[in-house]
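First up is the structure itself, then whatever we jot down about it.
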Amino acid sequence: MGNVIPHTLNPNYISGLSICFIAGTLGQGGAERQLYYILKTLKNTGAEPYVVCLTQGEYWEDKIKELGIDVFYFGKPSSRIGRILELLRIIKNRKPDII
């Protein structure tokens, strides 16, 4: 299929927006690749995206960090409630405009 050219985003609407992406994994899957391209496009238009992920040390993590995008983890607590509380703590501290 070749390379996909992303839709042009108007920087006036995007610039400065804090956007939180919640991901279960950053493995080598197609959804994770699309997340990378979305993050790259948003970063290039002046947005401030970041990722909150359940897992750590996976394929796309370093590539996302190389874009200057923060990656946070909420998978350490062993209980489901603990993970939810950690996720909420990260979101509360970062105060995103969009989740």
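Numbering follows my numbering, with no gaps: position 92 of the sequence shown is 82. A virtual CB, placed ideally from N, CA and C, is assigned to each residue, including glycine. Fair warning: this is a prediction, and the values are worked out from it, not measured in the lab.
Proximity below 8 Å, CB of residue i to CB of residue j
| i | j | result |
| --- | --- | --- |
| Glu51 | Leu16 | yes |
| Tyr26 | Ile4 | no |
First through last residue of the alpha helix (DSSP H) which encompasses residue i
| i | result |
| --- | --- |
| Glu56 | Tyr49 to Glu56 |
| Ile71 | Arg70 to Arg84 |
| Gln18 | Run containing Gln18: none; DSSP gives neither H nor E here. |
Residue(s) in a DSSP beta bridge with residue i
| i | result |
| --- | --- |
| Ile12 | Val42 |
| Tyr63 | Cys43 |
| Ile88 | Ile9 |
When the options are compared against residue i, the one with the closest alpha-carbon
| i | options | result |
| --- | --- | --- |
| Gly65 | Leu78, Gln18 and Arg84 | Leu78 |
| Leu44 | Gly6, Ser69 and Pro86 | Ser69 |
| Ile88 | Tyr3, Asn2, Ile4 and Ser8 | Ser8 |
| Val49 | Gly36, Ala21 and Gly6 | According to the sequence displayed, residue 49 carries Tyr and not Val. The option with the nearest alpha carbon to Tyr49 is Ala21. |
Min CB distance residue i to chain B below 8 Å
| i | result |
| --- | --- |
| Leu75 | Among the chains in the structure shown there is no chain B, since it carries only a single protein chain. |
Sequence-distant residues of the same chain with beta carbon closer than 8 Å to residue i, five excluded per side
| i | result |
| --- | --- |
| Met(-9) | Only weak support exists for where Met(-9) lies, its pLDDT of 45 falling under 50; the value from the coordinates is given anyway. Once the five neighbours on either side are set aside, Met(-9) has no close Cβ partner at all. |
Proximal residues to residue i (C-beta, below 6 Å), its chain only, five neighbours per side dropped
| i | result |
| --- | --- |
| Pro106 | One cannot answer for residue 106 here, as it falls past the ends of the chain, which runs -9 to 89. |
Same chain, Cβ closer than 7 Å to residue i, five either side skipped, listed in chain order
| i | result |
| --- | --- |
| Ile59 | Leu29, Lys33, Pro39, Tyr40 and Val41 |
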